[in-house]
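The first sequence begins at 1 in full-length UniProt numbering and counts up one residue at a time.
Below is one structure, written out as structure tokens; the observations come after it.
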Amino acid sequence: MLKPSIFKPLKPDFHSISFTAIFYKCKSMKQFKEAHTQLIINGLTHPPPSLRPIISFSAVDPSGDIDYALLLLLRTSTPPTVFLFNTTIRGFSRARRPGSLLSSVLLFVRMGVLNLAPNNFTFTFLFQGCSNCVAFDLGRQFHGMVIKNSFEMDVFVRNSIIRFYSVCGRLDDARWMFDESSELDVVSWNSLIDGCIRNGNISEALSLFSKMTERNDISWNSLLGGLVKFGCMDDAYRFFVEMPRRNMVSWVVMISGYAQNGQPKEALALFREMQTLDQEPNSAILVSVLSACSQLGALDHGRWVHCYIEKKCVRVDSILSAALIDMYAKCGSIDLAMQTFSTSRKRDVSAYTAAISGLAMNGCSEEALQLFEQMKGEGISPDGVSYIAVLCACSHAGWVEKGFHYFASMSDVHGIGLELDHYACMVDLLGRAGLLEEAEKFVASMPIKPDNVIWGALLGACRLYGNAEMGQRVGSLLVESDQNHDGRYILLSNIYAESMKGEDAEQVRKTMRRRKVNRVPGCSLIEVAGFVHEFFSGDRSHEKTEEIYLMWEEIVKEIKKFGYREETRAVVFDVEEEEKEAVIGHHSEKLAVAFGFLYTKSGSTLLIVKNIRICSDCHYAIKLVSKVFKRKIVIRDRKCFHHFEEGLCSCKDYW
DNA sequence: ATAGGGTTAG
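Right, here's the structure in full:
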């Protein structure tokens, strides 16, 4: 709340200098706007000195309002200073929204019209904008102007250019700027090293790093961050161990890196190490740990983090809130997710989106759309991510018309840019509904080039509906354009096999072998008593293997009484022929179920996370298990949740 | 009076 003392009393001789003082005390956009209102009410003109703080804040502060800054800048009674232009350009450069770079450029042009000469600050900010937008041609023109105006020896300008060329993929130009420099500082080195990593030249980055004479904490963290972004977690960890001092950022980079690079177990292990060193995690680390829990379906771990947050009174911002909701939802506990959502105090678009997508993936499409409408009713604008959740809800429920309605409203009503992910949802929607021709036409009509994900969605639908003709057409293209993706070959080969084209199926498998594409092995995770256990297909490495296999035999014996017969359709390409028989019965989720039966309280719900899609045999078997043994079983596969209960599945056998 | 390189979510 605004403190009245800032504004009162208003004296009759109040003049603009006093307002400058007031502006300097303001700490939020709201305060600034109220003070500005007072200034206008008092009939004062807009002399630039009064507006400086408000323009700076509006343009640069994360909670600012860049449009407000622009409005004021263009309305000052006397021409604005270079400083004000610089600040506003800086604001647009970091705004990262459509058209913001153009605004920076227009302001730059406007400066010229007003005969204001740009300075070194101006160019530094312009290059930031060009880097953020990867605007190579524009940046090169600014580089020309820098040379003409003799700013190229300014180390700040120079470093911003090094960074600019690096992100544009012009490592040679970046290197040239670096080598030609008479004055280099630690930032120049960090920027070039980051550029090398960005452009895939890890060895050059490491060699430069070893040549650095001055290395502060940021240099180390910068190197770690670059390696992590490039997926080189082993290298990153080596430096993490080696570095002289680790600060909070180092831990964040490593733990979030593991979480983002699909190594959630390593993320949790490092988090534990951090705790044994009595280091307090910050909220960024907790977010990453929650993300790791989501990936593993590690509900106990996730709950522990939630308790920790409450015990330590960690401030729950919108990111942390979304991460908590997402964790519960991805661990199959949609009730806890919704409870967390409804008790969270700040519900912004990300918290809503997490809840909507949680409902959607757990098969509660109706509730998901209701919540979406509620969000809009509260005046919160959806963004591109919220729409992915909405379209996903429609897709799972088979609501084609609704899906198209929302799809159209994205750009029409909310002005949100349509991205590949949204198109992929629509292809999935049509494909799942069996409208394959329409799906193919939809792809053909896309204004952006469809990527492999789009074609993959179409191919999946072909398999589901047994459309061999389209499946072969799409699949043959896909195994060429996405050569390293094992799933494409498997789908195509199965499509051939199912339409009695055994030779073609074999041909696809040969191609796959020739290209040395490895199959990602099916793997299921189950958390029992705080430990995550991992099972592969036909796995015999677990210390309780004998018991587990015996238990599964027992289970099979029982469900056979209720009509279970092993099915083979889905496993045509699962294993080499001779192994097939042995492995069908032992897909990883079955082993996980057996393990769960052995080591959890009877009657408790089992949660299993699988890395690939569940096959129809396992699906059928587990439905029966849920009925015969009166046990709720939740399996999260690559695509959606399966809540098995009383012999039925929440996916309605449609996945 | 302004600058640059390192961190989290849906």
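In this text, a Cβ means the ideal position worked out from N, Cα and C, and glycines have one as well.
Item                                                                                                                                                                                : Value
For methionine 446, which of Arg432, Phe407, Leu464 and Gly415 has the nearest alpha-carbon?                                                                                        : Phe407
Going by alpha carbons, who is nearest to phenylalanine 562 out of Glu543, Ala529, Glu646 and Gln275?                                                                               : Glu646
Which residues does DSSP list as the beta-bridge partners of leucine 606?                                                                                                           : Ile633
At the level of alpha carbons, what is the spacing between arginine 515 and tryptophan 189?                                                                                         : 40 Å
Residues in the same chain with beta-carbon distance under 7 Å from valine 186, minus the five sequence neighbours each way, listed in chain order, please.                         : Glu214, Asn216 and Ser219
Using the Cβ count rule (16 or more neighbours within 10 Å means buried), how would you classify proline 244?                                                                       : exposed
Would you mind reading off the limits of the beta strand (DSSP E) that contains isoleucine 526?                                                                                     : 523-528
For histidine 642, list the residues DSSP reports as bridge partners.                                                                                                               : Ile635
In whole angstroms, give me the CA-to-CA distance for threonine 340 and alanine 284.                                                                                                : 19 Å
From the DSSP output, in three-state form, read off leucine 72 for me.                                                                                                              : helix
Given cysteine 649, which residues of its chain have a CB within under 6 Å of its CB, disregarding the five upstream and five downstream residues?                                  : Lys623 and His642
Check whether the segment 341-356 and the segment 369-388 touch, using three or more Cβ-Cβ pairs below 8 Å as the test.                                                             : yes
Since histidine 485 is in the alpha helix (DSSP H), which residue starts that stretch and which ends it?                                                                            : Note, histidine 485: premise wrong, no alpha helix (DSSP H); not H, not E.
Going by DSSP, which residues form a beta bridge with phenylalanine 536?                                                                                                            : Cys523
Is the beta carbon of threonine 88 closer than 7 Å to that of alanine 59?                                                                                                           : yes
Taking the alpha helix (DSSP H) that serine 283 falls in, what are its first and last residues?                                                                                     : 283-296
Hey, out of Phe127, Leu84, Gly257 and Ser28, whose CA is closest to aspartate 65's CA?                                                                                              : Ser28
So, helix, strand or coil for cysteine 649, using DSSP?                                                                                                                             : strand
In whole angstroms, give me the CA-to-CA distance for leucine 436 and methionine 111.                                                                                               : 55 Å
Could you check where the alpha helix (DSSP H) with glutamate 242 kicks off and where it finishes?                                                                                  : 233-242
Keeping to the same chain, check which residues put their C-beta closer than 7 Å to that of glycine 398; ignore five residues upstream and five downstream.                         : Arg432 and Ala433
Should the segment 624-641 be regarded as contacting the segment 598-608, the criterion being three or more beta carbon pairs within less than 8 Å?                                 : yes
Tell me whether phenylalanine 136 sits in a helix, a strand or coil according to DSSP, three-state version.                                                                         : helix
With a threshold of 7 Å on Cβ separation, who are the neighbours of cysteine 462 within its own chain once the five nearest residues in sequence on each side are excluded?         : Leu436, Met470, Gly471, Val474 and Ile495
For phenylalanine 125 versus serine 93, is the C-beta distance shorter than 7 Å?                                                                                                    : yes
Using only the alpha-carbon positions, how far apart do serine 481 and valine 427 sit?                                                                                              : 19 Å
Leaving aside the five residues before and after leucine 430 along the sequence, list all residues of the same chain whose C-beta is less than 7 Å from its C-beta, in chain order. : Val400, Glu438, Ala439 and Phe442
Between histidine 414 and the rest of its own chain, which residues show a CB-CB distance below 7 Å, the 5 nearest in sequence each way excluded?                                   : Ser381 and Pro382
Identify whether phenylalanine 32 lies in helix, strand or coil by the three-state DSSP scheme.                                                                                     : helix
Rounded to whole angstroms, what is the Cα-Cα separation between cysteine 364 and serine 291?                                                                                       : 22 Å
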